[in-house]
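Position one of the sequence shown corresponds to residue 66 (my numbering), numbered consecutively onward.
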Amino acid sequence: MLDPDTHSNEVTVYDTLNAVATEHFNVFRDGELVADTLYDGQSFVDVLPPLDKPITYRVVAYAASGAVAEASQTVKVPSNGFLCVNYGAGNAKVAKMRRNLSNPDGVKGEKVIRTVASSKLPKVFYGTHKTRENTAKADVWAFRDVLGDGDLASLAAFIELENHNGDVWLRFPFGDLILATIDTSHDMDTGSRNWASVSIDWQEVSR
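The structure is reproduced here in structure tokens:
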């Protein structure tokens, strides 16, 4: 079941095998284990589904006898144009933005430029590391009320994010999902006091 506010999915598992009782279930999203040792009728919330792309949940049922059965379902979680930031305990907190969203991207290769005695021009020495970083900007509603895009897209949500100290997950429109370290700032729009500008400087980090 889709939650359109947090752009998350709730998955519930059921024992439909008549011949052999199921002992527990594991759930995979696109081959990655996202929930294990669930029991009949139990639910879990996938808080980090990629956005705007088909994703496949595969539920594997395990019986005490060793028998295994599975079922799959492909779904798509719409971004509705939002960039979503997940953070906090269990990555369950969300701050999101879409109005006038500017989201450039790029990768920098590792290189060192040095002058050498044997050349009049500097030489470049390349390494193997890559750095992916940029700045995402958007406008968010300055108040917590229904006139904006909801509480999770309000300035208050990003002020709370500014107080978070730790890595976050960035879920971009059209499927990109990355773990990142960020610096967040905001500025009130003097031309329209109802809106605030939010800026997120991000750099992808290793999972």
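Even glycine gets a Cβ: it sits at the ideal position worked out from N, Cα and C.
C-beta contact flag for residue i and residue j at 8 Å
i: Val233; j: Ala245; result: yes
i: Leu98; j: His89; result: no
i: Thr196; j: Asp266; result: no
i: Arg179; j: Lys173; result: no
i: Asn259; j: Ala203; result: no
i: Asp111; j: Arg94; result: yes
i: Asn151; j: Leu113; result: yes
i: Val205; j: Val263; result: yes
i: Gly153; j: Leu166; result: no
i: Ala122; j: Val181; result: In the sequence under discussion, the amino acid at residue 122 is Tyr, which differs from the Ala named in the question. No.
i: Asp70; j: Gly215; result: yes
Exposed unless 16 or more other CB atoms sit within 10 angstroms - verdict on residue i
i: Val78; result: buried
i: Ser130; result: exposed
i: Met66; result: exposed
i: Ile247; result: buried
i: Ala126; result: buried
i: Thr249; result: buried
i: Val159; result: buried
i: Leu186; result: exposed
i: Ser184; result: exposed
i: Asn74; result: buried
Residue interval of the alpha helix (DSSP H) (run including residue i)
i: Phe239; result: Careful: Phe239 lies outside any alpha helix (DSSP H) and carries neither H nor E.
i: Leu220; result: Leu220 to Glu227
Residue i: first and last residue of the uninterrupted beta strand (DSSP E) it sits in
i: Leu166; result: Arg164 to Ser167
i: Ala136; result: Val133 to Lys141
i: Ala275; result: A query on residue 275 cannot be resolved here, the shown segment of the chain reaching from 66 to 272 and no further.
i: Ser108; result: Ser108 to Asp111
i: Ser271; result: Element bounds for Ser271: n/a, residue is neither H nor E.
i: Arg258; result: Taken as a continuous stretch (DSSP letters only), Arg258 belongs to no beta strand (DSSP E), as it is neither H nor E.
i: Lys176; result: Val172 to Arg179
i: Tyr127; result: Pro119 to Ala128
i: Asp204; result: Lys188 to Trp206
i: His89; result: Thr87 to Arg94
i: Thr275; result: Missing from the structure shown is residue 275; the chain here goes from 66 to 272 and no further.
i: Leu148; result: Leu148 to Tyr152
Supposed contact pair residue j and residue i - C-beta distance, whole angstroms, cut 8 Å
i: Leu148; j: Phe237; result: 6 Å
i: Lys161; j: Leu217; result: 5 Å
i: Thr87; j: Pro119; result: That belief does not hold up - the Cβ atoms of Thr87 and Pro119 are roughly 27 Å apart, past 8 Å.
i: Val124; j: His72; result: The pair is not a contact, with the Cβ atoms about 21 Å apart (cut-off 8 Å).
i: Gly192; j: Lys176; result: 7 Å
Selected residue, minimal CA-CA separation from residue i, among the options
i: Pro28; options: Ser144, Asn156, Asp105 and Lys176; result: Residue 28 is absent from the structure shown; the chain starts at 66 and stops at 272.
i: Gln107; options: Asp80, Asp214 and Gly153; result: Asp80
i: Ala261; options: Arg164, Phe109, Glu198 and Asp105; result: Arg164
i: Val133; options: Asn91, Phe109 and Gly215; result: Asn91
i: Leu235; options: Ser137, Asp170 and Asp68; result: Asp170
i: Leu242; options: Gln268, Asp101 and Phe190; result: Gln268
i: Leu220; options: Glu198, Met253 and Phe190; result: Met253
i: Ala128; options: His229, Asp105 and His194; result: Asp105
i: His251; options: Glu135, Gly96, Ile224 and Arg272; result: Ile224
Heavy atom of the ligand SAM within 7 Å of residue i beta-carbon
i: Thr249; result: Here there are no bound small molecules, and the ligand SAM is not part of this structure.
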